[in-house]
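Peer 1:
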Amino acid sequence: MKLDSDGSGTSSPKIGVPSATPNTTAWRVTLWLTTLAAVAPLTWVMAAAVSSEARGLELLVLALFVVLTTWIALWFWIATTGFWRAWRRGGPVDAGRPDYGDWRPTASTAILLPVYNEEPREVFARIRAMLSSLAETGMAEHFDVFVLSDTTNADIWLDEQWHWLQLREELARPAAVNYRRRSQNLHRKAGNIQDFCERWGAGYPLMVVLDADSLMDGRTLVELVRRMEADPQLGLLQSPPLPLGDRSLLARGQQFASKLCGNLLAEGLDWYSGDGGNYWGHNAIMRTAVFTHHCGLSMLPGKAPLGGEVLSHDFVEAALMQRAGYKVRMACDLAASYEQSPTTLPAYAQREQRWCQGNLQHARLVFSRRIGWSNRFHFATGVLAYTTAPMWLAFLTLSACAWLVSSIGSLHGHTFRPGQGGGVAPLTVFAIVMGMLITPRFYGAMLAARRGELPGYGGAMRLAMSLVVELLVSVLMAPIMMAFHSLFVISTLRGRKVEWKAQARSDEGISFAQAWQVHRGQTIAGIVMAVLVALLLPQALAWLSPVYVGLILSAPISMALSSARLGDWLKRRGLLRVPEETDRPPVVRRFELEVDQEERGGHGELVPRADLFRRLLDDPQFLRAHVANLRATNEVAQAPRPLVHDMAPRVANNAWAKVTNDEKRTVLLDPRALAALQRLVWRKKSPPLESTLPL
Amino acid sequence: MDSLKSGPSVQDSATRLKRATASLGADAIAVVRKNVASYALAAGLGDSPSADRLARRCVDEAVARLTAKGPFKLAVLHDEALKIAGERCGIVGGYGRNVAEKYGQPKLAGASVSVLSIAAGNEVVPCVPPEQRRSMPPQPLGELLPVFDVRWWTWQALRPFAGLATWCYESLAALRK
Chain P
-4 MKLDSDGSGT SSPKIGVPSA TPNTTAWRVT LWLTTLAAVA PLTWVMAAAV
46 SSEARGLELL VLALFVVLTT WIALWFWIAT TGFWRAWRRG GPVDAGRPDY
96 GDWRPTASTA ILLPVYNEEP REVFARIRAM LSSLAETGMA EHFDVFVLSD
146 TTNADIWLDE QWHWLQLREE LARPAAVNYR RRSQNLHRKA GNIQDFCERW
196 GAGYPLMVVL DADSLMDGRT LVELVRRMEA DPQLGLLQSP PLPLGDRSLL
246 ARGQQFASKL CGNLLAEGLD WYSGDGGNYW GHNAIMRTAV FTHHCGLSML
296 PGKAPLGGEV LSHDFVEAAL MQRAGYKVRM ACDLAASYEQ SPTTLPAYAQ
346 REQRWCQGNL QHARLVFSRR IGWSNRFHFA TGVLAYTTAP MWLAFLTLSA
396 CAWLVSSIGS LHGHTFRPGQ GGGVAPLTVF AIVMGMLITP RFYGAMLAAR
446 RGELPGYGGA MRLAMSLVVE LLVSVLMAPI MMAFHSLFVI STLRGRKVEW
496 KAQARSDEGI SFAQAWQVHR GQTIAGIVMA VLVALLLPQA LAWLSPVYVG
546 LILSAPISMA LSSARLGDWL KRRGLLRVPE ETDRPPVVRR FELEVDQEER
596 GGHGELVPRA DLFRRLLDDP QFLRAHVANL RATNEVAQAP RPLVHDMAPR
646 VANNAWAKVT NDEKRTVLLD PRALAALQRL VWRKKSPPLE STLPL
Chain U
687 MDSLKSGPSV QDSATRLKRA TASLGADAIA VVRKNVASYA LAAGLGDSPS
737 ADRLARRCVD EAVARLTAKG PFKLAVLHDE ALKIAGERCG IVGGYGRNVA
787 EKYGQPKLAG ASVSVLSIAA GNEVVPCVPP EQRRSMPPQP LGELLPVFDV
837 RWWTWQALRP FAGLATWCYE SLAALRK
């Protein structure tokens, strides 16, 4: 491996950047040939089983079968490649504790945290945890955090500032944490990052992009910087994040599956992609100047949702980075990079809808000649991840129709050519396909054993039981997600968005009423399907039972998956456990401590969020900081005088609850209006005086 | 205030204050002063004596400003005094030092300097570093496939389904024969 010296003459330690996959094209071709070699015999077996009377329908079914099986087989071989690569690498996946010797980062790195109406308490607890972790590496002074807020809720905005001010009071270097709030949410998260790049990016050669729920260990952050500095051609390095920390059965299932199989899939994908890897939007480091000059997003021609703003910006930015001649790689050997996943099934589905819309936009980019082949592959897999759902639905429907036609034909005495193997052949095909779906889990278990992680999973027996539980969760979710994805694809193509009413968030799960609101369509569809099958094709009842039973019971299944109590029950029995639970990573432990400490008032005064606007007008120092922020970020805007005059009586009479979010948001941008309201509040503190002048 | 040496005289200021006290009441003005002092303390002005001194000067200046415009009520004086205190403490309109320069007043000596230096010492650390502007131009994505408007009720969308339904019907009819 190549080792580079930095400009000052000191050399990097002997842990180099993993080399790019040699002969990438040859391996890609091999992968595709292997995939087709797996699909061909299965297709032949299925083709041999078709009857002559329903040839047209069954040809359609066969075509869908080819596409769907290719999809499954491709990922099976990617997982197999990843397994082989990870097995050869050996050892645990770890951030490592290398001795960096004299090496230090040559410049500061920006850590970007875009937030949008997130819980500030947790956001700043994460920042504190990461800063503490960086301090332990001795390189904290080379990192500056930027909280880039697009928050639209005025109280949350003030809460963010409050937390930021308190954090800065504690820091020896206040400039370590910066805060900017945009009043115009232009181009969403991509626009948020762009704003940073255009205004402050020139001061930082490297930037790490996180999500509001991201958490990374200091060693991982330092290692990412070291690898970027060691390879000037590396434009972006993605660290695979592990979902961690939530209680619901769904979250624990995802956490377990991601821990078990995520790394080997990432290895396989990295192997396939070579230097044309992908970017997942967070937990990644990139070269700021390259990103700024080459990764600006243009509007897609046509109307939304397939035209207009690029929604899933990360894939496109990776493609643009590679087009500019820079490598995009995945750091599969790095750990201690975490995120949170949705805890309830409706929240998970809502996220899937956003991603579905974003990925379907990429369908047009697959055919663009200005995009590299590797990136086109990423776009195509993103599109197929969602479009396979309506294909599965079509496959099941058309298969049932074909079976029905065949059954009617047999009733009337017509003979058919059932094909060689008769009913046994499809069963074999089904078993092989299921095997391809399940095998990566066994790979993960074998890797866990090789890496000595079995105690972290609770031992071999508990790991096996956890596999069964996770498989059950997947089977229960499959028909529900098929229905959701099909709905999202069709809605997106029609230019519609599925709207759900805002759900009351609870850490414990969702109620039946909430589940019914989301899943009633699926329940009805399941009942209709069951009735039709029972009437027209009773012999298919057993075959199709996982689908219609899953749909009919979608509401209770959703409640069960979203249940924190059920997740806790499994946790107490050591099921779906991951090593990060058994042996909590330091940065995660630190984060939990910070949240706990904040609740006890350990980080300064706790002010209820609803009281922060009043506090702003009551506290000149808070107002001063707020106004200084507005001026430093050029966000001052004059509020309409009628609005301020309208608000004044409510402020004067302490009717804070009657001041609307929009009013607060507008006034919070106007220092003069805020000063006037503050004077009003202070004048009211002297009751003997006649303060008849409202403003 | 010392600043009045270069402008209106100290004697004029005292006269104006006397007149204001006479019309509005000494107790009322004292309450205003106390309120402004509390405000200055809350703004981080350090200690009560400094806050009291600042409050007196703010009230004096408010009287001076308002007298020039004509008769005024107590509430107006209160508001103006708080406004001046806000400016002096750097809440709005810049820090104490900058405000003094803005109003063309020379640096105040003695206690007034300490008041201003406390206000200036409360200078807020900027929330972001200085900007270093550069642009992020949008990049072309190449020629893309056109987007078709997909609706259920267009004939193009219905035709394949109609064809399939027709074929199914004809197949069933043929089987029954």
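Sequence lines, in order, name chains P and U.
In terms of my numbering, the numbers along the first sequence are unbroken and rise by one, the last being 690.
In terms of my numbering, the numbers along the second sequence are unbroken and rise by one, the last being 863.
From the three backbone atoms N, C-alpha and C, an ideal C-beta is built for every residue, glycine too.
Excluding sequence positions up to five away, which residues of its chain have a Cβ less than 7 angstroms from the Cβ of residue 168 (chain P)?
Peer 2: Once the five neighbours on either side are set aside, the close Cβ partners of residue 168 (chain P) are 136.
Peer 1: Taking 8 angstroms as the CB-CB limit, is residue 820 (chain U) close to chain P?
Peer 2: Yes - at least one Cβ of chain P is within 8 angstroms of the one on residue 820 (chain U).
Peer 1: Around the C-beta of residue 788 (chain U), are 16 or more other C-beta atoms found within 10 angstroms, so that it is buried, or is it exposed?
Peer 2: Reliability of the predicted coordinates at residue 788 (chain U) is poor, the pLDDT of 40 falling under 50, and the value obtained from them is presented with this limitation in mind. Residue 788 (chain U) should be labelled exposed.
Peer 1: Within the same chain, show all residues whose beta-carbon is closer than 7 angstroms to that of residue 285 (chain P), passing over the 5 residues directly before and after it, in chain order.
Peer 2: The answer, listed in chain order, is 230, 316, 319, 321.
Peer 1: According to the neighbour-count rule (16 or more other Cβ atoms, all chains shown, within 10 Å of its Cβ), is residue 640 (chain P) buried or exposed?
Peer 2: By the 10 Å Cβ count, residue 640 (chain P) comes out exposed.
Peer 1: For residue 769 (chain U) and chain P, any beta-carbon pair shorter than 8 angstroms?
Peer 2: By this cut-off, residue 769 (chain U) is an interface position.
Peer 1: Starting from residue 656 (chain P), follow the alpha helix (DSSP H) in both directions and report where the run begins and ends.
Peer 2: It spans 656 to 662 - the alpha helix (DSSP H) in which residue 656 (chain P) sits, taken as one unbroken run.
Peer 1: Please report the straight-line C-alpha distance between residue 364 (chain P) and residue 94 (chain P), rounded to a whole angstrom.
Peer 2: Using only the alpha carbons, I get a separation of about 45 angstroms.
Peer 1: Locate the alpha helix (DSSP H) running through residue 639 (chain P), then write down its first and last residues.
Peer 2: Start and end: 636 to 647.
Peer 1: Any beta-carbon of chain U closer than 8 angstroms to the one on residue 363 (chain P)?
Peer 2: It does; some Cβ of chain U falls within 8 angstroms.
Peer 1: Which residues, taken in chain order from the stretch 746 to 775 of chain U, show a beta carbon closer than 8 angstroms to some beta carbon of chain P?
Peer 2: Residues passing the 8 angstroms Cβ filter: 759, 760, 761, 762, 764, 765, 768, 769, 772, 775.
Peer 1: Quick check on residue 642 (chain P): buried or exposed, where buried means 16 or more other Cβ atoms within 10 Å of its Cβ?
Peer 2: Buried.
Peer 1: Less than 8 angstroms between the beta carbons of residue 390 (chain P) and residue 59 (chain P), yes or no?
Peer 2: For residue 390 (chain P) and residue 59 (chain P), yes; Cβs fall inside 8 angstroms.
Peer 1: Answer with yes or no whether the minimum CB distance from residue 799 (chain U) to chain P is below 8 angstroms.
Peer 2: Low confidence applies here, because residue 799 (chain U) scores a pLDDT of 42, under 50, leaving its location unreliable and the question unanswered by this model.
Peer 1: Inspect the beta-carbon positions of residue 469 (chain P) and residue 339 (chain P) and report whether they are closer than 8 angstroms.
Peer 2: It is not a contact, given that the beta carbons lie outside the stated cut-off.
Peer 1: Could you compute how far the alpha carbon of residue 37 (chain P) sits from the alpha carbon of residue 199 (chain P)?
Peer 2: In a straight line, the C-alpha of residue 37 (chain P) is about 54 angstroms away from that of residue 199 (chain P).
Peer 1: Three-state secondary structure (DSSP) at residue 139 (chain P)?
Peer 2: Reduced to three states, the DSSP call for residue 139 (chain P) is strand.
Peer 1: Please confirm whether residue 360 (chain P) and residue 374 (chain P) have their CB atoms less than 8 angstroms apart.
Peer 2: In this structure, residue 374 (chain P) lies closer than 8 angstroms to residue 360 (chain P) by Cβ.
Peer 1: Please list, in chain order, the chain U residues whose beta carbon lies closer than 9 angstroms to that of residue 461 (chain P).
Peer 2: In chain order: nothing, as chain U lies at least about 43 angstroms away.
Peer 1: According to DSSP, is residue 281 (chain P) helix, strand or coil?
Peer 2: In this structure, residue 281 (chain P) counts as strand in the three-state DSSP scheme.
Peer 1: Is there a Cβ of chain U sitting closer than 8 angstroms to that of residue 614 (chain P), yes or no?
Peer 2: Answer yes: the Cβ-Cβ gap between residue 614 (chain P) and chain U drops below 8 angstroms somewhere.
Peer 1: Rounded to whole angstroms, what's the CA-CA distance from residue 205 (chain P) to residue 729 (chain U)? Just pull it up for me.
Peer 2: Straight-line Cα distance between these residues: approximately 36 angstroms.
Peer 1: Going along the chain, which residues of the stretch 377 to 402 of chain P sit with their C-beta nearer than 8 angstroms to a C-beta in chain U?
Peer 2: Hits within the stretch, in order: 396, 400.
Peer 1: Of the residues P:398, P:630, P:655, P:214, which one's Cα is nearest the Cα of residue 174 (chain P)?
Peer 2: Nearest option by C-alpha distance: P:630.
Peer 1: Near residue 604 (chain P), what residues of its chain come up, given a Cβ to Cβ distance below 8 angstroms and the 5 sequence neighbours on each side ignored?
Peer 2: Only 150, 151, 153, 154 meet the Cβ criterion.
Peer 1: Let me check one thing: in DSSP terms, what residues is residue 237 (chain P) bridge-paired to?
Peer 2: DSSP output for residue 237 (chain P) lists P:333 as bridge partner(s).
Peer 1: How big is the Cα-Cα spacing for residue 362 (chain P) and residue 295 (chain P)?
Peer 2: So the alpha carbons of these two residues sit roughly 14 angstroms apart.
Peer 1: Could you name the residues of chain A that residue 740 (chain U) contacts, counting a contact when the two beta carbons are closer than 9 angstroms?
Peer 2: In summary, chain A is missing from the structure at hand, where the protein chains are P and U.
Peer 1: Could you tell me whether the Cβ atoms of residue 30 (chain P) and residue 76 (chain P) are closer together than 8 angstroms?
Peer 2: Cβ distance not < 8 angstroms, so residue 30 (chain P) and residue 76 (chain P) don't count as in contact.
Peer 1: Taking 8 angstroms as the CB-CB limit, is residue 680 (chain P) close to chain U?
Peer 2: For residue 680 (chain P), the answer is yes, since a Cβ of chain U falls inside 8 angstroms of its Cβ.
Peer 1: Can you list, in chain order, the stretches of the alpha helix (DSSP H) that have 4 or more residues and sit fully within the stretch 252 to 279 of chain P?
Peer 2: For the stretch 252 to 279 of chain P, whole alpha helix (DSSP H) runs of length 4 or above, ordered along the chain, are 258 to 268.
Peer 1: Note down, in chain order, each residue of its chain lying with its Cβ closer than 6 angstroms to the Cβ of residue 366 (chain P), except the 5 sequence neighbours on either side.
Peer 2: Result list for residue 366 (chain P): 314, 360, in chain order.
Peer 1: Does the CB of residue 783 (chain U) have a neighbour CB from chain P at under 8 angstroms?
Peer 2: Summary for residue 783 (chain U): the model assigns pLDDT 40, below 50, so the residue's position carries little reliability, and this model does not support an answer.
Peer 1: Check this for me: beta carbons of residue 245 (chain P) and residue 548 (chain P), under 8 angstroms apart or not?
Peer 2: No; because the gap between Cβ atoms is not below 8 angstroms, this pair is not in contact.
Peer 1: Are the C-beta atoms of residue 725 (chain U) and some chain P residue less than 8 angstroms apart?
Peer 2: It does; some Cβ of chain P falls within 8 angstroms.
Peer 1: Could you name the residues of the same chain whose beta carbon sits closer than 7 angstroms to that of residue 536 (chain P), not counting the 5 residues immediately before and after it, in chain order?
Peer 2: Excluding residues within five positions, the ones whose Cβ falls inside 7 angstroms are 528, 529.
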